[in-house]
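J.: Right, I'll just put the structure down here and ask away after.
Number of protein chains: 4
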Amino acid sequence: MKKASRVAAPETDGTPSEARRKYDPEQTKRNILEVATQEFSSMGLSGARVDAIAERTNTTKRMLYYYFGSKEGLYEAVLEKVYGDIRTLEQDLPISELDPTEGLRKLVEFTFDYHDRHRDFVRLVSIENIHGAKYIEQLKSFKSRNASVIRTIEDLLARGVAAGQFRPDIDAIDLHLLISSLCFHRVANRYTFGSAFGRDPSHPRLRARHREMIADAVLRFVRKEA
Amino acid sequence: MKKASRVAAPETDGTPSEARRKYDPEQTKRNILEVATQEFSSMGLSGARVDAIAERTNTTKRMLYYYFGSKEGLYEAVLEKVYGDIRTLEQDLPISELDPTEGLRKLVEFTFDYHDRHRDFVRLVSIENIHGAKYIEQLKSFKSRNASVIRTIEDLLARGVAAGQFRPDIDAIDLHLLISSLCFHRVANRYTFGSAFGRDPSHPRLRARHREMIADAVLRFVRKEA
Amino acid sequence: MKKASRVAAPETDGTPSEARRKYDPEQTKRNILEVATQEFSSMGLSGARVDAIAERTNTTKRMLYYYFGSKEGLYEAVLEKVYGDIRTLEQDLPISELDPTEGLRKLVEFTFDYHDRHRDFVRLVSIENIHGAKYIEQLKSFKSRNASVIRTIEDLLARGVAAGQFRPDIDAIDLHLLISSLCFHRVANRYTFGSAFGRDPSHPRLRARHREMIADAVLRFVRKEA
Amino acid sequence: MKKASRVAAPETDGTPSEARRKYDPEQTKRNILEVATQEFSSMGLSGARVDAIAERTNTTKRMLYYYFGSKEGLYEAVLEKVYGDIRTLEQDLPISELDPTEGLRKLVEFTFDYHDRHRDFVRLVSIENIHGAKYIEQLKSFKSRNASVIRTIEDLLARGVAAGQFRPDIDAIDLHLLISSLCFHRVANRYTFGSAFGRDPSHPRLRARHREMIADAVLRFVRKEA
DNA sequence: CATGAATGAGTTTTCATTCAT
DNA sequence: TATGAATGAAAACTCATTCAT
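Residue numbers (the numbering used here), protein chains in the order written: chain A, 1 to 226; chain B, 227 to 452; chain C, 453 to 678; chain D, 679 to 904.
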């Protein structure tokens, strides 16, 4: 029940007065959130155990409640963090400067890579949908984030149509759904997929092929035919 | 708390050996499975409550254990039933007689409709993936069913290539994944989608548009360009 | 943690088929309520421990929740029972047939005796008042019970005035408050009283003197002066 | 969660030794006691929350432990303060100079008013009785205070008997109990009373009527009949 | 087969108190 | 002195499962 060791507080620099701080709330919170993200994403909301989270933490269970109030509060904080991460990344994408076709390919590849690398995120979205998205709806950040993706796509579509590259009759939200579907499914359902076909979709070779296939499918979908 | 009435067993009247049965085990099992399907698909495996299932049933908790052994046993039975249903349906599809392009469109539309109508199935697959597909792997029906879809697609692809309609470099399993992704995602994640964009993907108009879009995307993907 | 023995179920009569029932929900509930009444009345709502109640019971903690839902639910059930008891007794009082002065004396003595003997009840009322009476307000039985006491007093007052024994300007509810005050206080606050004056108000001699004093005070209060 | 401001210590300006003090321990203690009195009297000893007290204070939890040692220590300090207050007041009563009947009426009215105005005191006494008066017994002020009331009453009774106004067979402690009962009960149990009869006993009109009724009842009780 | 009562181990949550800065 | 962070023990509550009738 006793913890063997504490987190070594980050030594900001050489100043001894700063080093070895034992109380570092931000660090503590971050640590809890990290562990909780794993637990919730691998066990679901009701399957997750507060005790299990606390145990893998540098603190005690009490601190979970101190900072997050309840199991659900912690779950919401996890959702918020995970959604915040993807938004941050997305905004750095230099898509507006690219040729529409190239830009769209970049966007698809980014979306593919993000889902591929952030299985926790994907699982948490699945879990949220099992709960009817009731927790995610309370996050202010959620809706605005999605709006920005749509604006990016609208811009791409408009430029692509103007350049004669894309069909004019494509809805941005529909296209987003198409891309999401393709990138999300193979990660979210990789276990049943693997079990059904004896192929692990996260194997590098398959992964690369799927990446290309998906970009290819999306581009063929939007392409204006001669 | 008291149950008002029990299920009256169907009297196959006339045949004396069948009549006058007071209990109908098959009926009881079916009833339990139905309720359990709802509960598991809407709450997940750990979120589901045995008491909640028993309460909405015509029987008592005891019977649930009598027939299915445990909560997990019941969950597996639910998976099995749900998988059995889809397989039955698929085999009636008269695809081998159709023109490849038409056949593929039919297959996509069938897949779309099936997912659209069987949300329980979709949710259960999501749930299974959260549990690493450990329960579904035990089902014999699972692998064989998937094998048969792949054979159907392989046949379509071969005929399409031969007819000069399809590209020759498409893998059947990849194509299946593509189709599944598009049909599955909008159902599985309709809550977060709805919350993010204020659009309910199960609305008839949106549903029809997506159905066409998806078939369109798949056909564009396989089509051999002139 | 194991219970040494179960409650011997009441043997209704000599029929052996009825005897030694192990499952007797009514008995179980009664047993829990009895123990809970002690615990709540001696520790207060927040001071009471569910574990402590369970331990002194013939069942386990789980059953408290099975029958009463929560600690608060159990507390409410205790209140309800305790209030039901006093009402039952009160209705058997043959006051309407007595001479008004004698009837009023009887009522005071009954009230005195009841409070004197039911310290649990008195303590629970004190406790309820600390909680702003929020639990007791939810009991339907509560208001109707009080109405019946008031009717009894109104009847006594009317007959006493008519007989020239009582003053005509006395309000029934005020008189009830007067009687209650005198009977309640010495029980409710017997500890501080005992500590302050070195007298234990529950000592038989003091008890008898107070009983007479209180009846005396009430009768002097209502008496019509010549 | 952050406190906006601390209590500014009163600068008794001019005197350099007093000025420029940054903290005022007495002020801090007083502040804590005030808040604690509210919390304990409204929630009971076990119902009170140390966190809740600290939050409504100008200081932090640490100070609370620094000054009072523990939750119980704080509770005792609250009792002591509340008892100290009442004693101070009572000693100013100029009863020994009044005619016995008038003096007794004054004493009853004072007792009535005091209870009516100091609900915290009344509640705390109720709470103490729930805990068997174990904390109050430790207060030196407690017994001496009660002794002085009894002396006052004894004096009144003696003078009243001598003047032919009062009956000779009345015990001072009994009379004190009678007066206390009448004054205490309507305050201590005003919630159940209000709920039972739809009358709020703290309403000014009812209050005035009760004040007169109680004085009346006490005087009728002691009066020597012609 | 059917049923409500019973159970124990586990899970979440709370709370008075102490520590490091 | 002052303060937010930290803690462990205990409390309330839940749940899958089994038992007696």
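By construction, the Cβ of each residue, glycine as well, lies at the ideal position given by its N, Cα and C atoms.
(1) Could you work out which residues of chain D lie near residue 637(C), taking near to mean beta carbons separated by less than 7 Å?
(2) Quick test of your reading: residue 660(C) and residue 899(D), contact by CB under 8 Å. State the CB separation rounded to the nearest angstrom.
(3) With 8 Å set as the bound, which would you pick, yes or no: does the beta-carbon of residue 592(C) sit closer than that to a beta-carbon of chain D?
(4) What residue range does the alpha helix (DSSP H) around residue 569(C) cover?
(5) Measuring alpha carbon to alpha carbon, tell me which of 402(B), 361(B), 386(B) ends up nearest residue 322(B).
(6) Give the DSSP bridge partners of residue 68(A), in chain order.
(7) If you drop the 5 nearest sequence neighbours on each side, which residues of the same chain put their C-beta closer than 7 Å to that of residue 430(C)?
(8) Is the shortest distance between the beta-carbon of residue 60(A) and the beta-carbons of chain B less than 8 Å?
(9) Mind pulling the chain B residues with CB within less than 7 Å of residue 136(A)?
(10) Residue 577(C) and residue 779(D): beta carbons closer than 8 Å?
(11) Taking buried to mean at least 16 other C-beta atoms within 10 Å of its own C-beta, is residue 496(C) buried or exposed?
(12) What span of residues does the alpha helix (DSSP H) with residue 417(B) cover, start to end?
(13) Can you tell me whether DSSP reads residue 207(A) as helix, strand or coil?
(14) Who are residue 449(B)'s beta bridge partners in DSSP?
(15) Where do the ends of the alpha helix (DSSP H) carrying residue 773(D) lie?
(16) Spell out a yes or no on whether the stretch 56-72 of chain A and the stretch 115-123 of chain A are touching, meaning 3 or more CB-CB pairs, one atom from each, closer than 8 Å.
(17) Can you tell me the Cβ-Cβ gap for residue 531(C) and residue 591(C), rounded? I've got them flagged as a contact below 8 Å.
(18) In angstroms with no decimal places, state the Cα-to-Cα distance between residue 292(B) and residue 254(B).
(19) Comparing alpha-carbon positions, which option in 394(B), 438(B), 257(B), 450(B) lies nearest residue 335(B)?
(20) Going by C-alpha to C-alpha distance, which of 836(D), 874(D), 846(D), 859(D) sits closest to residue 902(D)?
(21) Along the stretch 614-631 of chain C, what residues have a CB closer than 7 Å to any CB found in chain D?
(22) DSSP three-state label for residue 75(A), please.
(23) Over what stretch of residues does the alpha helix (DSSP H) that includes residue 503(C) continue unbroken?
(24) Interface residues of chain B around residue 50(A) at Cβ under 7 Å?
(25) Along the stretch 550-578 of chain C, what residues have a CB closer than 8 Å to any CB found in chain D?
(26) Under 8 Å between beta-carbons, which chain C residues line up against residue 806(D)? List them in chain order, please.
(27) Determine, for residue 446(B), whether the minimum Cβ-Cβ distance to residues of chain A falls below 8 Å.
(28) Rounded to the nearest angstrom, how far is the Cβ of residue 534(C) from that of residue 563(C), given a contact under 8 Å?
(29) State whether the stretch 871-878 of chain D contacts the stretch 809-825 of chain D, with contact taken as three or more CB pairs (one from each stretch) at a distance under 8 Å.
(30) Kindly give me the distance between the Cβ atoms of residue 182(A) and residue 172(A), rounded to whole angstroms, as I take these residues to be in contact under 8 Å.
(31) Hey, out of 257(B), 427(B), 267(B), 251(B), whose CA is closest to residue 130(A)'s CA?
(32) Is there a C-beta anywhere in chain B that falls below 8 Å from the one on residue 46(A)?
(33) Roughly how many angstroms separate the alpha carbons of residue 630(C) and residue 762(D), rounded to a whole number?
(34) Using 8 Å as the limit for Cβ to Cβ distance, is residue 63(A) near chain B?
(35) Express the C-alpha separation of residue 299(B) and residue 247(B) in angstroms, rounding to a whole number.
(36) Please check if any C-beta of chain B sits within less than 8 Å of the C-beta of residue 146(A).
T.: From the atom records:
(1) Here the question's residue 637(C) lines up with position 185 in the third sequence. The contact set of residue 637(C) on chain D, defined by CB atoms closer than 7 Å, consists of 858, 859, 862, 863 in chain order.
(2) Locating residue 660(C) in the third sequence gives position 208, where the first residue counts as 1. Locating residue 899(D) in the fourth sequence gives position 221, where the first residue counts as 1. About 18 Å separates the two Cβ atoms, so there is no contact after all.
(3) Taking the third sequence and counting its residues from 1, the one referred to as residue 592(C) is at position 140. With 8 Å as the cut-off, residue 592(C) does not count as an interface residue toward chain D.
(4) Counted from its first residue, the third sequence places residue 569(C) at position 117. Residues 552-569.
(5) Reading the second sequence from its first residue, position 96 is the one you call residue 322(B). Cα-wise, what sits closest to residue 322(B) is 386(B).
(6) One-based indexing of the first sequence puts residue 68(A) at position 68. DSSP lists no partner for residue 68(A).
(7) Residue 430(C) lies beyond the residue range present for chain C, which begins at 453 and ends at 678; the question has no answer from this structure.
(8) For the purposes of this step, residue 60(A) is taken as the residue at position 60 of the first sequence. No, residue 60(A) lies away from the interface with chain B (no Cβ there is under 8 Å from its Cβ).
(9) If you number the first sequence from 1, residue 136(A) lands on position 136. Here the neighbours are 418, 421.
(10) Along the third sequence, read from residue 1 onward, the residue named residue 577(C) stands at position 125. Along the fourth sequence, read from residue 1 onward, the residue named residue 779(D) stands at position 101. At a Cβ-Cβ threshold of 8 Å, residue 577(C) and residue 779(D) do not count as neighbours.
(11) In the third sequence, residue 496(C) corresponds to position 44, counting from 1. Flag for residue 496(C) reads buried.
(12) Along the second sequence, read from residue 1 onward, the residue named residue 417(B) stands at position 191. 416-423 is the extent of the alpha helix (DSSP H) around residue 417(B).
(13) On the first sequence, residue 207(A) is found 207 positions in, with the first residue counted as 1. The answer is helix: DSSP assigns residue 207(A) an H, G or I state.
(14) Sequence index remark: in the second sequence, residue 449(B) carries index 223 (1-based). Answer by DSSP bridge pairing, in chain order: 392(B).
(15) For the purposes of this step, residue 773(D) is taken as the residue at position 95 of the fourth sequence. No alpha helix (DSSP H) holds residue 773(D); DSSP gives it neither H nor E.
(16) no
(17) Against the third sequence, residue 531(C) aligns to sequence position 79. Against the third sequence, residue 591(C) aligns to sequence position 139. Contact between residue 531(C) and residue 591(C) holds, since their C-beta atoms are separated by about 6 Å, short of 8 Å.
(18) By 1-based counting over the second sequence, the position of residue 292(B) is 66. By 1-based counting over the second sequence, the position of residue 254(B) is 28. So the two alpha carbons sit approximately 11 Å from each other.
(19) The residue given as residue 335(B) occupies position 109 in the second sequence. Checking every option, the nearest Cα to that of residue 335(B) belongs to 438(B).
(20) Reading the fourth sequence from its first residue, position 224 is the one you call residue 902(D). That would be 846(D), whose Cα lies nearest to the Cα of residue 902(D).
(21) 625, 626, 629, 630
(22) Against the first sequence, residue 75(A) aligns to sequence position 75. Of the three classes helix, strand and coil, the one that applies to residue 75(A) here is helix, per DSSP.
(23) Taking the third sequence and counting its residues from 1, one reaches residue 503(C) at position 51. 502-507 is the extent of the alpha helix (DSSP H) around residue 503(C).
(24) Counted from its first residue, the first sequence places residue 50(A) at position 50. Result: empty, since nearest Cβ-Cβ is about 13 Å, beyond 7 Å.
(25) Taking 8 Å as the Cβ-Cβ cut-off against chain D, the residues of the stretch 550-578 of chain C that qualify are 575, 577, 578.
(26) In the fourth sequence, the residue the question calls residue 806(D) occupies position 128. 643, 644, listed in chain order.
(27) In the second sequence, residue 446(B) corresponds to position 220, counting from 1. At a cut-off of 8 Å between beta carbons, residue 446(B) contacts chain A.
(28) For this step, residue 534(C) is matched to residue 82 along the third sequence. For this step, residue 563(C) is matched to residue 111 along the third sequence. Incorrect: roughly 15 Å between the Cβ atoms, too far for contact.
(29) no
(30) Looking up residue 182(A) in the first sequence gives position 182. Looking up residue 172(A) in the first sequence gives position 172. Contact flag wrong, Cβ pair sits at about 16 Å.
(31) Counting from one through the first sequence, the residue named residue 130(A) turns up at place 130. If we check each option's Cα against that of residue 130(A), 267(B) comes out closest.
(32) Position 46 of the first sequence, counted from the start, is the residue given in the question as residue 46(A). Yes, residue 46(A) counts as interfacial toward chain B.
(33) For the purposes of this step, residue 630(C) is taken as the residue at position 178 of the third sequence. For the purposes of this step, residue 762(D) is taken as the residue at position 84 of the fourth sequence. About 29 Å.
(34) Counting from 1 along the first sequence, the entry for residue 63(A) is found at position 63. No, because no Cβ of chain B sits closer than 8 Å to the Cβ of residue 63(A).
(35) As a working note, residue 247(B) is residue 21 in the second sequence. As a working note, residue 299(B) is residue 73 in the second sequence. The predicted model places residue 247(B) with a pLDDT of 47, which falls under 50 and marks its position as unreliable; any figure quoted below should be read in that light. Those two C-alpha atoms are separated by around 27 Å.
(36) Translated into positions along the first sequence, residue 146(A) becomes position 146. Chain B contact via Cβ: present.
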